[in-house]
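Plus 16 on top of the position in the sequence shown (first one is 1) and you've got my numbering. Glycine is no exception: its CB is placed at the ideal position from the N, C-alpha and C atoms. As the structure is a computational prediction, the values presented were derived from the model and not from experiment. Just below is one structure, and these are the notes that go with it.
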Amino acid sequence: MRRGLTGVKLVISDAHEGLKAAITRVLGATWQRCRVHAMRNALAYVPKGQHTMVAAAIRQAFIQPDHDNAVQTWRHVADQLRARWPKLGTFMDDAEADVLAYMAFPAQHRTKLHSTNPLERLNKEVKRRADVVGIFPNEDSIVRLIGAVLLEANDEWQLQHRYMQVEAMADLTPPAIEEEKTLQITPRAA
17 MRRGLTGVKL
27 VISDAHEGLK
37 AAITRVLGAT
47 WQRCRVHAMR
57 NALAYVPKGQ
67 HTMVAAAIRQ
77 AFIQPDHDNA
87 VQTWRHVADQ
97 LRARWPKLGT
107 FMDDAEADVL
117 AYMAFPAQHR
127 TKLHSTNPLE
137 RLNKEVKRRA
147 DVVGIFPNED
157 SIVRLIGAVL
167 LEANDEWQLQ
177 HRYMQVEAMA
187 DLTPPAIEEE
197 KTLQITPRAA
């Protein structure tokens, strides 16, 4: 916020309660639970031999054309699976809003909005480049390397492979958040 971060509409992360609360209070943004991690968590409730069937059933919610149909399908699948795996049904009830939050965004962006995979890919690239160098003489040298990797990624996303059409996001209205719950951060003098 102090560095000018504005206009955040969605943050995708793992399910950490503190992070989720901070995203809502500080950024005033919608929180999306990483769909990939949520699927792994869901599959932990079923025997390994049933993973393919259960994953296919859950994915039915993700291919729906809009948020309402996704929620309806999610609930239907949860009810079907609950009879055999009650803990999975409870997990799906609890995770519904968090896993399907991205469905409120433009359809053309949904394939990119549901997981933390792009960030994980970027982290792997930073690690790969750092491993090539091996030992850094000082902290500044690693900051320069990481900065260069991040600038490359930024340039690619901005110019060559535009990750999302900004124009489609402009049509979104920010989610309603009560003013008194939004945390205002003011920088203090050092």
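Going along the chain, which residues of its own chain have a beta-carbon closer than 7 angstroms to the beta-carbon of residue i, five neighbours each way excluded?
i, result
"Ile-39", "Val-27, Ala-45 and Trp-47"
"Leu-129", "Leu-26, Ile-28, Gln-48, Tyr-118 and Phe-121"
"Arg-160", "none"
Near residue i, which residues of its chain fall below 8 angstroms by C-beta distance, leaving aside the five closest residues on each side in sequence?
i, result
"His-67", "Leu-59"
"Tyr-61", "Trp-101, Lys-103, Leu-104 and Phe-107"
"Ala-206", "With a pLDDT of only 45 at Ala-206, under the threshold of 50, the placement of this residue in the model should not be trusted; the figure read from the coordinates follows. Answer for Ala-206: no residue qualifies."
Hey, residue i and residue j: beta-carbon distance below 7 angstroms or not?
i, j, result
"Ala-94", "Met-108", "yes"
"Asp-114", "Arg-49", "yes"
"Gln-80", "Ala-86", "yes"
"Val-52", "Ser-131", "yes"
"Val-227", "Arg-145", "The structure shown does not extend to residue 227, since the chain spans only 17 to 206, so no value can be given for it."
"Val-142", "Ile-162", "yes"
Between the Cα of residue i and the Cα atoms of the options, which residue gives the shortest distance?
i, options, result
"Ala-73", "Asn-133, Trp-90 and Gln-124", "Trp-90"
"His-83", "Ala-54, Lys-64, Pro-122 and Met-55", "Pro-122"
"Gln-96", "Met-69, Ala-117, Phe-78 and Leu-116", "Met-69"
"Ala-31", "Gly-150, Asn-57, Glu-172 and Thr-22", "Asn-57"
"Leu-43", "Ser-157, Leu-21 and Glu-168", "Leu-21"
"Glu-112", "Ala-37, Pro-63, Arg-126 and Gln-88", "Gln-88"
"Asn-2", "Ala-37, Glu-33 and Ala-54", "Examination of residue 2 is not possible in this model, given that the chain is present from 17 through 206 alone."
Leaving out five residues on either side along the sequence, give the residues of the same chain with a beta carbon under 6 angstroms from the beta carbon of residue i.
i, result
"Arg-98", "Gly-105"
"Ser-29", "Leu-35"
"Ile-158", "Phe-152"
Name the DSSP beta bridge partners of residue i, please?
i, result
"Ser-29", "Arg-49"
Within the segment 48-83, ranges of the alpha helix (DSSP H) (whole runs, at least 4 residues):
51-59 and 67-78
Tell me the start and end of each unbroken beta strand (DSSP E) in the segment 101-138 that is at least 3 residues and wholly inside, in chain order.
none
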